[in-house]
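Each residue of the sequence shown is one higher than the one before, counting from 6 in the numbering used here.
Quick reminder that beta carbons are idealized off the backbone N, C-alpha and C, glycines included.
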Amino acid sequence: MKLGNRDIKAFAVAPFQKQHYVAALGMFRTYKHPLDAYARYLFGIGRYPITVTLDTPIGDIELMLYTPHDILTVNEIFCRQDYKAKPNDKVIVDFGSNIGISAAYFLSRTLQSYAYLYEPFPQNITRLKSNLRRFEGRYCLSEVAVGLGNGPVEFGYEETGRYGGVGLKTGAYISVECLDSNEALKQVLAKNERISILKIDIETLEKHVTGRIPVETLSRIDKIYVESRFTVNPLEKTHSYRQYGSVAQFSIKS
């Protein structure tokens, strides 16, 4: 059963989940027009594409959203703070950058941050570049998928662009280049002493990519955010762990 375009089950469990209260407060603090954002978020209504204006630590920024799924992403990242970043988080690695919403969040925490972005889907890449226009010079975009090896792979996608992934069975597929996740991290660490935040949202491969990071690499990554649920901490040698909704948050042990 649905309420508007949202599953009514989501409404039923929301009062018992802390992150939804964080998101509700964050929407009032973040959106230039919070009531419109609430209506779009709660009921899935409104026309798209739409430009939203967000209040950030470096001033107002604008993002173009193309589907109701994109407003969910803004709320998860900017309002619910699934990938919480601080001003001293300077080096960001974003596996699965989609249309640039997560990158815009990371780059708007401070003017001194720099992001390494990875996104293979052509539609998303065009939209990402448009959304990150004001951040040109502060990010490096690799137009590749991130996975378990190098070379061409089958990439499943759907019309929103939000849920594509390597090996994902969607009914629509393209061939894209894939970069080994550990090689990507090695390349970034060759240029930087540490990685402040590693975000992994690559549909179906999150756990595989997380579990294969070498310990010596992990020791140079402060925070890791993974769009997946874990029953045990796969990084217990180096990082503490907590589950925040659908996001596993790992922090390096002191």
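Between which two residues does the alpha helix (DSSP H) holding residue i run?
i    : result
G216 : E211 to G216
I4   : Missing from the structure shown is residue 4; the chain here goes from 6 to 259 and no further.
Y43  : P39 to F48
S135 : P127 to N136
T222 : V220 to L223
P73  : P73 to V79
For residue i, which beta-bridge partners are listed by DSSP?
i    : result
T58  : E67
V252 : Y249
F160 : V171 and I179
F100 : Y123 and I205
A150 : C183
I257 : H244
Y36  : L59
Are there 16 or more other CB atoms within 10 angstroms of the CB of residue i, so buried, or fewer, so exposed?
i    : result
I205 : buried
V18  : Model confidence at V18 stands at a pLDDT of 43, short of 50, so the residue's coordinates are unreliable and nothing is read from them.
M6   : Low per-residue confidence applies at M6: pLDDT is 46, beneath 50, and the placement is therefore not dependable enough to give any value.
H38  : exposed
K228 : buried
I50  : exposed
K242 : exposed
C145 : exposed
T236 : exposed
I179 : exposed
N10  : Since pLDDT at N10 reaches only 46, below the 50 mark, its modelled position is unreliable, and the value read off the structure follows with that caveat. Its Cβ having fewer than 16 others within 10 Å, N10 is exposed.
Y26  : exposed
S135 : exposed
Just to check my reading of the structure: residue i and residue j have Cβ atoms closer than 8 Å, yes? What is that Cβ distance to the nearest angstrom?
i    : j    : result
R132 : H74  : With 8 Å as the limit, R132 and H74 do not qualify as a contact, their Cβ atoms being about 12 Å apart.
G170 : L210 : 7 Å
Y230 : Y88  : 5 Å
V193 : V98  : 6 Å
L68  : T35  : Wrong, their Cβ atoms sit about 11 Å apart, outside the cutoff.
A108 : L137 : 6 Å
With residue i as the anchor, note down where its beta strand (DSSP E) starts and where it stops.
i    : result
K91  : First-last for K91: undefined, no H or E at that position.
A120 : Y119 to Y123
L146 : Y144 to S147
S201 : I200 to I205
I229 : I226 to V231
Pick from the options: whose alpha carbon is nearest that of residue i?
i    : options                   : result
I106 : T222, V79, S135 and Y26   : V79
Q24  : C84, E221, I179 and L146  : C84
A195 : G216, Y121, K258 and P239 : Y121
A189 : I218, V231 and L30        : I218
K212 : L77, G152, I66 and I63    : G152
P62  : D41, S118 and Q128        : S118
E182 : G156, G250 and I202       : G156
Q248 : S259, L240, I257 and S233 : S233
G154 : A177, L173, Q128 and D185 : D185
I104 : V57, E124, T115 and V98   : E124
L223 : N187, E208, I207 and G250 : N187
G216 : T35, H244, S135 and I130  : H244
Y162 : A108, R139, A42 and I207  : I207
L77  : N93, A44 and A90          : A44
L30  : T175, R225, I130 and Q86  : Q86
P127 : L40, T165 and I82         : T165
A150 : G142, R143 and I130       : I130
T72  : V96, Y46 and K258         : Y46
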